[in-house]
Amino acid sequence: MPELPEVETTRRGLEPHVTGRRIESLNVRERRLRWRVAPTLPGLVTGQTVEAAGRRAKYLLLRLTHGTLLWHLGMSGSLRVVPSGLPPATHDHIDLVLDSGQAVRFNDPRRFGSLHYVSGDPEAHPLLCRLAPEPFDEAFDADYLWRVTRGRRAAIKLLLLNSRLVTGVGNIYASEVLFQAGVRPKRQARNISRAEAQRLVVAVRQVLGDAIRAGGTTLRDYINPEGRPGYFRQRLFVYERGGEACRRCSTPVRHFTQGQRSTYYCPTCQH
DNA sequence: ATGGGCACCTGGCTGC
DNA sequence: TGCAGCCAGGTGCCCA
346 MPELPEVETT RRGLEPHVTG RRIESLNVRE RRLRWRVAPT LPGLVTGQTV EAAGRRAKYL
406 LLRLTHGTLL WHLGMSGSLR VVPSGLPPAT HDHIDLVLDS GQAVRFNDPR RFGSLHYVSG
466 DPEAHPLLCR LAPEPFDEAF DADYLWRVTR GRRAAIKLLL LNSRLVTGVG NIYASEVLFQ
526 AGVRPKRQAR NISRAEAQRL VVAVRQVLGD AIRAGGTTLR DYINPEGRPG YFRQRLFVYE
586 RGGEACRRCS TPVRHFTQGQ RSTYYCPTCQ H
């Protein structure tokens, strides 16, 4: 699913439709998501107004009058804005019905997504309080990445996927970031040089930023709130391009498994 | 504390 | 055509 660019694209698509809208109801047709959706949730949010649509890492934060909805899209989740009367299709698990006659509809075939309501400071929630700084925050810089990689024997790619250390980078963009930074995915994090840490930070921002501008990456089923796919796939340098020519040097792109996930890299461009 | 592996799900594709 | 096997944008948790 969605990595940071897809969640951010979703946030931007939702924002004009939800901001200032009153919640008429929350219809939960399937509560068995990553965590069971609390039965009290509809009663808690009905009647509140959506004040803003925010994002923290891959979590969407809908700030309400008295609290916050924490929405995660998991691997296969997506949110669409639909007319509130539209009959639900398969895997349309939740509707957030607004006073505009529209509803935010959550579809998630694999049900790895989640929905929580937090009444206090959302940053203090257990799911958010240990997350690394946002990639576009100034706290995420070369010094930071240098510091958190020291003494770490884990492969740098695995470290990029660890949300306590780096946030927003998922499996597609991890390979892309390492390509752009010229760093091999198997390198032990502790052996990354200062200059490489700098290049990685630049690459994280560059790749995620470019992907957001392209509306995210659609591999299979990701769609934005208007029901449209993202267009970053055609700009991927290595992901899902095993055996194909590197776009920079024509060497065949290599593919292997790391931590039970696919990794792609160019043996010539990355060291 | 760190690292590795598993689990949670459904669906699409491949190959016999 | 049918079916087994494998793979997929995430991440919390358990164990060594």
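Numbering-wise, my numbering comes out as the position in the first sequence, counting from 1, plus 345. Glycine included, C-beta positions come from ideal geometry on N, C-alpha and C.
Hey, would you say Pro-530 sits closer than 9 Å to Gln-603, going by beta carbons? Within the first sequence, numbered from 1, the residue matching residue 530 stands at position 185. Within the first sequence, numbered from 1, the residue matching residue 603 stands at position 258. Closer than 9 Å, so yes.
Is the separation between the beta-carbon of Tyr-518 and that of Ala-556 shorter than 9 Å? Position 173 of the first sequence holds residue 518. Position 211 of the first sequence holds residue 556. Yes, these two residues count as a Cβ contact at 9 Å.
Delimiting residues of the alpha helix (DSSP H) encompassing Ile-517: Along the first sequence, read from residue 1 onward, the residue named residue 517 stands at position 172. It spans 516-526 - the alpha helix (DSSP H) in which Ile-517 sits, taken as one unbroken run.
Going by Cα to Cα distance, which pick from Cys-474, His-417, Glu-589, Arg-408 is closest to Arg-366? Looking up residue 366 in the first sequence gives position 21. Selected option, being the one with the closest Cα: Arg-408.
Exposed unless 16 or more other CB atoms sit within 10 angstroms - verdict on His-411: On the first sequence, residue 411 is found 66 positions in, with the first residue counted as 1. Exposed is the call here.
Straight-line gap, Ala-434 to Arg-374 (C-alpha atoms, nearest Å): Position 89 of the first sequence, counting from 1, holds the residue named residue 434. Position 29 of the first sequence, counting from 1, holds the residue named residue 374. In a straight line, the C-alpha of Ala-434 is about 11 Å away from that of Arg-374.
Can you find at least 3 beta carbon pairs, one from the segment 476-495 and one from the segment 538-558, that sit closer than 8 Å? yes
Check whether Cys-430 and Pro-480 have beta carbons under 9 Å apart: Looking up residue 430 in the first sequence gives position 85. Looking up residue 480 in the first sequence gives position 135. A small correction: the amino acid at residue 430 is Gly; Cys does not occupy that position in the sequence shown. No, they are not a contact pair.
State yes or no: is the C-beta of Leu-505 within less than 9 Å of the C-beta of Leu-523? Against the first sequence, residue 505 aligns to sequence position 160. Against the first sequence, residue 523 aligns to sequence position 178. For Leu-505 and Leu-523, yes; Cβs fall inside 9 Å.
Excluding sequence positions up to five away, which residues of its chain have a Cβ less than 6 Å from the Cβ of His-470? Translated into positions along the first sequence, residue 470 becomes position 125. So the qualifying residues of the chain are Val-463.
For Phe-577, count neighbouring C-beta atoms within 10 Å of its own C-beta (all shown protein chains included) and say buried if the count is 16 or more, exposed if not. Taking the first sequence and counting its residues from 1, one reaches residue 577 at position 232. Of the residues assessed, Phe-577 falls on the buried side of the cut-off, its CB having 16 or more other CB atoms within 10 angstroms.
Can you give me the start and stop residues for the beta strand (DSSP E) that Ala-397 sits inside? Here residue 397 corresponds to residue number 52 of the first sequence, with the count starting at 1. Its beta strand (DSSP E) spans residues 395-401.
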